[in-house]
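The numbering of the sequence shown is our numbering, which starts it at 1387 and goes up by one.
Where is the CB? At the ideal position from N, CA and C, for every residue including glycine.
Worksheet: the structure to be examined is printed underneath.
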Amino acid sequence: MASLNSFNSRKTLQVGAKSYEIFSLAAVDGLQKLPYALRILAENLLRTEDGANITAAQIQALANWDANAEPSQEIQFTPARVVMQDFTGVPCVVDLATMREAVKTLGGDPKKINPLAPAEMVIDHSVQIDYFGRGDALRLNTDKEYERNAERYKFLRWGQGAFNNFRVVPPGTGIIHQVNIEYLARTVFTKELPDGTVQAYPDTCVGTDSHTTMVNGLGVLGWGVGGIEAEAAMLGQPVSMLIPRVVGFKLKGTIPAAATATDVVLTITQMLREHGVVGKFVEFYGDGVSQVPLANRATIGNMSPEFGSTAAIFPIDQVTVEYLRLTGRDSERVALVEAYAKEQGLWHDPSFEPKYSEYLELDLSTVVPSIAGPKRPQDRILLSEAKGAFEKTLVPAYASAPHRKVEVTLADGTQTDLDNGRVVIASITSCTNTSNPSVMMAAGLLARNARAKGLNSKPWVKTSVAPGSQVVTNYFDKAGLWEPLNELGFNLVGYGCATCIGNSGPLPAEISKAINDNDLAVCAVLSGNRNFEGRISPDVKMNYLASPPLVVAYALAGSMDFDFETEPLGQDQAGKDVFLRDIWPDPTEVQRTIDDTIDREMYLQDYANVFAGDERWQSLPTPQGDRFTWDDASTYVRKAPFFDGMKLEPEPVTDIKGARVLLKLGDSVTTDHISPAGAFKPETPAGQYLGAHGVAHRDFNSYGSRRGNHEVMMRGTFANIRIKNQLLDGVEGGFTRDFTQPGAPQAYVYDAAMHYQAAGIPLVVLGGKEYGSGSSRDWAAKGTRLLGVKAVIAESFERIHRSNLIGMGIMPLQFPAGESADSLGLDGTESFDITGITALNQGITPKTLAVVATKADGSQVAFDAVVRIDTPGEADYYRHDGILRYVLRNLVTA
1387 MASLNSFNSR
1397 KTLQVGAKSY
1407 EIFSLAAVDG
1417 LQKLPYALRI
1427 LAENLLRTED
1437 GANITAAQIQ
1447 ALANWDANAE
1457 PSQEIQFTPA
1467 RVVMQDFTGV
1477 PCVVDLATMR
1487 EAVKTLGGDP
1497 KKINPLAPAE
1507 MVIDHSVQID
1517 YFGRGDALRL
1527 NTDKEYERNA
1537 ERYKFLRWGQ
1547 GAFNNFRVVP
1557 PGTGIIHQVN
1567 IEYLARTVFT
1577 KELPDGTVQA
1587 YPDTCVGTDS
1597 HTTMVNGLGV
1607 LGWGVGGIEA
1617 EAAMLGQPVS
1627 MLIPRVVGFK
1637 LKGTIPAAAT
1647 ATDVVLTITQ
1657 MLREHGVVGK
1667 FVEFYGDGVS
1677 QVPLANRATI
1687 GNMSPEFGST
1697 AAIFPIDQVT
1707 VEYLRLTGRD
1717 SERVALVEAY
1727 AKEQGLWHDP
1737 SFEPKYSEYL
1747 ELDLSTVVPS
1757 IAGPKRPQDR
1767 ILLSEAKGAF
1777 EKTLVPAYAS
1787 APHRKVEVTL
1797 ADGTQTDLDN
1807 GRVVIASITS
1817 CTNTSNPSVM
1827 MAAGLLARNA
1837 RAKGLNSKPW
1847 VKTSVAPGSQ
1857 VVTNYFDKAG
1867 LWEPLNELGF
1877 NLVGYGCATC
1887 IGNSGPLPAE
1897 ISKAINDNDL
1907 AVCAVLSGNR
1917 NFEGRISPDV
1927 KMNYLASPPL
1937 VVAYALAGSM
1947 DFDFETEPLG
1957 QDQAGKDVFL
1967 RDIWPDPTEV
1977 QRTIDDTIDR
1987 EMYLQDYANV
1997 FAGDERWQSL
2007 PTPQGDRFTW
2017 DDASTYVRKA
2027 PFFDGMKLEP
2037 EPVTDIKGAR
2047 VLLKLGDSVT
2057 TDHISPAGAF
2067 KPETPAGQYL
2077 GAHGVAHRDF
2087 NSYGSRRGNH
2097 EVMMRGTFAN
2107 IRIKNQLLDG
2117 VEGGFTRDFT
2127 QPGAPQAYVY
2137 DAAMHYQAAG
2147 IPLVVLGGKE
2157 YGSGSSRDWA
2167 AKGTRLLGVK
2177 AVIAESFERI
2187 HRSNLIGMGI
2197 MPLQFPAGES
2207 ADSLGLDGTE
2217 SFDITGITAL
2227 NQGITPKTLA
2237 VVATKADGSQ
2247 VAFDAVVRID
2257 TPGEADYYRH
2267 DGILRYVLRN
2277 LVTA
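Written out as structure tokens, the structure is:
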């Protein structure tokens, strides 16, 4: 029960035979006029008001919100729950286990370390597509997944038993965000208090995956945070944030027949990225909202990280309630959602238009078929212009020979050829689209139509389907669509975030060899949300996002150098040309197939024993005990070093003197560039480490799967094969110049960083615009910290990564407005002094810090860098050398 109730907002809501304690928004003038998302934040503050972290002044600040003002008022948001996937979740559990060790060392009770908020993990990021185009691909890939990851899975089973409030959805169930909207999300949360009272309040969450925002489609306010922030939230630490600006996005009209929900979301992504919504909430409103199916809402919410907003939410309405009923939520929950939303003014009223900070509008009838690429999700291309756009991208790098056909003999003896632009991966994968029956059914029906015309996928294309939940498999079965999909090579390969996270698996050896021997620029087409450089496959330079039916179409075409309007996909049995328009499914048939095949029983059946797992999961040995027994020989799970040498009182922060530049980077450096998730080679520092520990190359697995081992991850930091360090000319990959050595030779980033650490030299990183965009990858900050980086100076930061840097005790700084490393004449060979940091010891957060860069000839460049510690809470984290140390000290001294 909240310790304070300054506004007398505690009320009782009766729903049927049950009564619930609620905190009424009507008790405070001004709250019910706010945008929907801010009303949820207001309820959160009313319910958690304690006079210390959460105050009446914060509640009043929301009531008095000025839509046009720049964010300045800090509030403390307490999410109802935390969701995790295994790539980001394993290091969270490693940190929690390590915190138990640290609490014991500091004289506290290790059992104090438990999630206070419900924490749910879905293991979905570990399945790789080693086998494809065959009926037993699912079984073989799952066997391989357990073979590779048994050690991690045993550790998670220990965590499930050792920690309270922690549940694990085993492998092979689905993708976290689809499982979230289909099962985990409550929309209205309930909690029984010690006195037996049951509270009802909005379901809110933070997640260790940036696409947590998919749940915004259900009216649930949630967003992605780094694992660092998620751990703090699990341990009861509120999320410090500024009351954001809210962008009102009005929808009207209906989607035309030739377009899909994917085309809508790529259009919205481009619009919002161009508008600029980083750090803002986006809220959809207007008469058109009721015409947007829940699956489409989830698809739009999912892409919030791609357009840069914190959240992208749809309010609760009848569509929400019907989806909850369809997906198997019990009648009591459904009734509570409707009654609570209407009582609190959280039910969508299209006649009421809140005042927003900014406004945008889209007429859905204007949406046209699109793809996005070749390396950013916001770079939308009209399908009609895709061939020309591809050629425009290709020519600068291959001007002398844009086409270079290479003969290839496949393993089955098929003779074919490869060329620039060939699509070598066509994958229906990722939470964005596999949760949406409209585009999945369209893909299946297009496959059926293609097979009826005698069409086949091209032999060089690696085809796959990795659904977001078993429900997809069931409705494909019921609709009779697996057979045509399988005939085109689109077999079920696993349930998980496969191609989109870089788990596309190896290309056939002969294809890979031809690509690399001839430096071919080949392509991947996937129904995902991420297409960053080096992410999908090390063999593939150009990655494109597309709807599931277009993924099938590109498998038939076999090339990005293809115009669907004028070029046939092949010939039918009578020798007549077949164009895409001839096999594109009619939207009416798509909807009829959905109506005929998907029902409530399907969801009830598939989620009946969601936490139980299959025989493989249940047969894994489960370690016992409150504290984990660390294995020094383990190459997957090692005790984290983040609390080594920690004292009960934090050391004063200091200025940075004599720092050297580890990397000088350009614009749009993603967390994939900083901490890649995919495969790595034996000659890399991470590969050398595993080789020295007796791990064969075939057993390296991926960086993502090794996130429980800091030794691998720090060696993999800034190791993306496509990262471009401007300290080196024309070199791609994880290299830098090592200024500790005579002549500053080229070296691996990790090796140079260790030399700097041995010499006692601190490091800085220079960046451009949108530094740290992409995934909410805590290892992008953790690895940066372990390499010895004390500050990152960039032109601008993406929200989650900036927060993660502070969470690891790294100072995020921005160049003065309009300036950059290049405009200031910095080439990265300078040494840096950064002063003014010590003001934080007196509780003062400076707005700028003085930076002096000294060149080899003694000349200096001086400027005032903007401090991006945005809230008092973040200042506390920095003073404590990171959020985890801050939380741990609070727990020990409580």
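Shortest Cα-Cα distance from residue 2099 to any of 2123, 2215, 1711 and 2060 involves 2060. Distance from the Cα of residue 2278 is smallest, within the candidate group 1629, 1550, 1492 and 1579, for 1492. Listed in chain order, the alpha helix (DSSP H) elements of length 4 or more contained wholly in the region 1817-1856 are 1817-1820 and 1823-1838.
With a beta-carbon spacing of about 5 Å, residue 2152 and residue 2207 fall inside the 8 Å limit used to define contacts. In the DSSP assignment, residue 1666 is bridged to no other residue. Under the three-state reduction of DSSP output, residue 2021 falls in the coil class, being neither helix nor strand. Going by beta carbons, residue 2150 and residue 2176 fall inside the 8 Å limit. Contact check for residue 1548 against residue 2012 passes: the beta carbons are separated by less than 8 Å.
Residues 2053, 2181 and 2182 of the same chain have their beta carbon placed closer than 6 Å to that of residue 2155, with the five preceding and five following residues left out of the count. One thing to note: residue 1850 has its Cβ no nearer than 8 Å to the Cβ of residue 1809. Within the region 1927-1996, the runs of beta strand (DSSP E) at least 3 residues long that lie entirely inside it are, in chain order, 1928-1931. The alpha carbon of residue 1424 has as its nearest neighbour, out of 1470, 1779, 1887 and 1633, the alpha carbon of 1633.
When the five nearest sequence neighbours on each side are left out, the beta carbons in the same chain lying within less than 8 Å of the beta carbon of residue 1584 are those of 1404, 1405, 1406, 1407, 1576, 1577 and 1578, in order along the chain. Every alpha helix (DSSP H) stretch that sits fully inside the region 1448-1534 and reaches 4 residues is listed by chain position as 1472-1491.
Residue 1935 places its beta carbon 8 Å or farther from that of residue 1640.
Burial is judged here by how many other beta carbons sit within 10 angstroms of a residue's own beta carbon; residue 1853 has at least 16 and is buried. Runs of the beta strand (DSSP E) spanning 3 or more residues and lying entirely within the region 1619-1690 occur at 1625-1628, 1632-1638 and 1667-1671, in chain order. For residue 1586, the uninterrupted beta strand (DSSP E) segment begins and ends at 1584-1588.
Contact annotation: residue 1527 and residue 1516 have beta-carbon atoms nearer than 8 Å. Cα atoms of residue 2142 and residue 2136: separation of roughly 10 Å, rounded to the nearest angstrom. Per the Cβ contact rule, the region 1692-1711 is not in contact with the region 1614-1625 (fewer than 3 Cβ pairs under 8 Å).
Counting the other CB atoms within 10 Å of its CB gives residue 1569 a total of 16 or more, which places it among the buried residues.
By the neighbour-count criterion, in which 16 or more other beta carbons inside 10 Å mark a residue as buried, residue 1907 falls on the buried side.
For residue 1832, the CB contacts under 8 Å within the same chain, skipping 5 residues up- and downstream, are 1935, 1938, 1939, 1969, 1970 and 1971 in chain order. The beta-carbon distance between residue 1930 and residue 1757, rounded to whole angstroms, is 5 Å. This is short enough to meet the 8 Å contact definition. Excluding the 5 residues flanking it on each side, residue 1488 has same chain C-beta neighbours closer than 8 Å at 2029, 2032 and 2274, in chain order.
Counting along the chain, the unbroken beta strand (DSSP E) around residue 1813 starts and ends at 1809-1814. For residue 2090, no beta strand (DSSP E) run applies, since DSSP gives it neither H nor E.
C-alpha of residue 1603 to C-alpha of residue 1679: approximately 9 Å in a straight line.
Of the candidates 2035, 2056 and 2069, the residue whose Cα lies closest to the Cα of residue 2164 is 2056.
Within its own chain, the residues whose Cβ lies closer than 6 Å to the Cβ of residue 1711, once the five positions on either side in sequence are excluded, are 1720, listed in chain order. With fewer than 16 other Cβ atoms inside 10 Å of its own Cβ, residue 1768 counts as exposed. Per DSSP, the continuous alpha helix (DSSP H) segment holding residue 1868 begins and ends at 1868-1873.
Distance from residue 1635 to residue 1668 at the Cβ level is roughly 6 Å; contact confirmed, criterion being Cβ atoms closer than 8 Å.
Between residue 2065 and residue 1924, the CB-CB gap stays under 8 Å.
A distance below 8 Å separates the beta carbons of residue 1597 and residue 1915.
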